[in-house]
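Written below as structure tokens is the structure these notes are about.
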């Protein structure tokens, strides 16, 4: 399917690896010019190089923590008029809520609620004026099914969801959409648990881990960043203009609900 977004400019946050990288790859395949961000400059450079070589699209790298106002300024200076914004950021680590002090709570809310709102504020009016805009927020299935120990992540992302539910309806008539993707169990570094950066997982241990984690998933497996990215790219396409303010679980059927 031709997604109709070849030549569009796309900012993809936290895209050096994992789900953000999956989204960047899918958008590059659709012909978008990319503006990628990540905290690890070396990993970001590798991803950007891989995408340039594979798809032949323009890729600009902006290294740093996207929650840092200076990094946001650099990102928006590089791409002041994006057509597509994919918000993504690392979530707080697994931790009993009793261990959270005010500073940790504010950091989690800043990373997973305030930062995407700041970026949306910066780009949404321009999108509306130009008559095209696609904003996708990568949140979490924990918005629907809270996970003890990830309470801060769940709360911040649920706050973002509620905040943007009304905003989405104010720009839909100008062909700007805002949707949220709720990943369940996808095979990324985050599901590996604590490990040294760059370490290679033992194949047998990896297979056992994936089998254990996918035992309760109706699809019988973990999802991949690549297929997650393809769903993101569709939400960014010209074909998805009548779909806004929605939460899309990408979880292999793990979230059980009739509605």
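Residue numbers (the UniProt record's numbering): 1 to 259.
Backbone N, C-alpha and C define an ideal beta-carbon position, used for all residues, glycine too.
>> Within the continuous alpha helix (DSSP H) that includes residue 234, where are the two ends?
In response: The residue you call residue 234 lines up with position 234 of the chain shown. Segment 225-235, the alpha helix (DSSP H) holding residue 234.
> How big is the Cα-Cα spacing for residue 5 and residue 26?
Replying inline: Position 5 of the chain shown, counted from the first residue, corresponds to residue 5. Position 26 of the chain shown, counted from the first residue, corresponds to residue 26. Near 11 Å, if we compare the C-alpha coordinates of residue 26 and residue 5.
> Going by other Cβ atoms of all chains shown within 10 Å of its Cβ, with 16 needed for buried, is residue 72 buried or exposed?
Replying inline: Position 72 of the chain shown holds residue 72. Classified as buried, residue 72 has 16 or more neighbouring CB atoms from the shown chains inside 10 Å of its CB.
> From residue 195 to residue 123, what distance separates their C-alpha atoms?
Replying inline: Looking up residue 195 in the chain shown gives position 195. Looking up residue 123 in the chain shown gives position 123. Confidence in residue 195 is poor, its pLDDT being 49 and thus under 50, which makes the residue's placement unreliable; the coordinate value appears in the next sentence. Rounded to whole angstroms, residue 195 to residue 123 spans 36 Å at the Cα level.
> Can you tell which of 246, 35, 84 has its C-alpha closest to the C-alpha of residue 166?
Replying inline: Sequence index remark: in the chain shown, residue 166 carries index 166 (1-based). Cα-wise, what sits closest to residue 166 is 246.
> Helix or strand or just coil, what does DSSP make of residue 219?
Replying inline: Taking the first residue of the chain shown as position 1, residue 219 is located at position 219. In this structure, residue 219 counts as coil in the three-state DSSP scheme.
> Start and end of the alpha helix (DSSP H) containing residue 134?
Replying inline: Residue numbering aside, residue 134 sits at position 134 when the chain shown is read from its first letter. Element bounds for residue 134: not the alpha helix (DSSP H) but the beta strand (DSSP E), 133-138.
>> Let me check one thing: in DSSP terms, what residues is residue 35 bridge-paired to?
In response: The sequence position of residue 35 within the chain shown is 35, counting from 1. Per DSSP, 11, 60.
>> Checking 8 Å against the spacing of the C-beta atoms, do residue 55 and residue 28 come in under that value?
In response: As a working note, residue 55 is residue 55 in the chain shown. As a working note, residue 28 is residue 28 in the chain shown. Cβ distance < 8 Å, so residue 55 and residue 28 count as in contact.
> Excluding five sequence neighbours on each side, which residues of the same chain lie with their C-beta closer than 8 Å to the C-beta of residue 218?
Replying inline: For the purposes of this step, residue 218 is identified with residue 218 of the chain shown, where counting begins at 1. Hits under 8 Å: 252, 253, 254.
> Do three or more CB pairs link the segment 76-91 to the segment 3-22 at distances below 8 Å?
Replying inline: In this structure the segment 76-91 lies against the segment 3-22, because at least three pairs of beta carbons, one per stretch, are closer than 8 Å.
>> For residue 238, which residues in the same chain have their Cβ closer than 6 Å to its Cβ, ignoring the five residues on either side in sequence?
In response: Residue 238 sits at position 238 when you count from the first residue of the chain shown. Annotation for residue 238: 4 place their beta carbon closer than 6 Å to its own, counting only its chain and skipping 5 residues before and after.
> Which ranges does the beta strand (DSSP E) cover as unbroken runs of at least 3 residues, wholly within the segment 104-189, from first to last along the chain?
Replying inline: Here the runs fully enclosed are 133-138, 176-183.
> Residues in its own chain within less than 6 Å of residue 149 by CB, not counting five upstream and five downstream?
Replying inline: Sequence index remark: in the chain shown, residue 149 carries index 149 (1-based). Setting aside the 5 residues that flank it on each side, residue 149 is surrounded in the same chain by 94, each with a C-beta closer than 6 Å to its C-beta; the list follows chain order.
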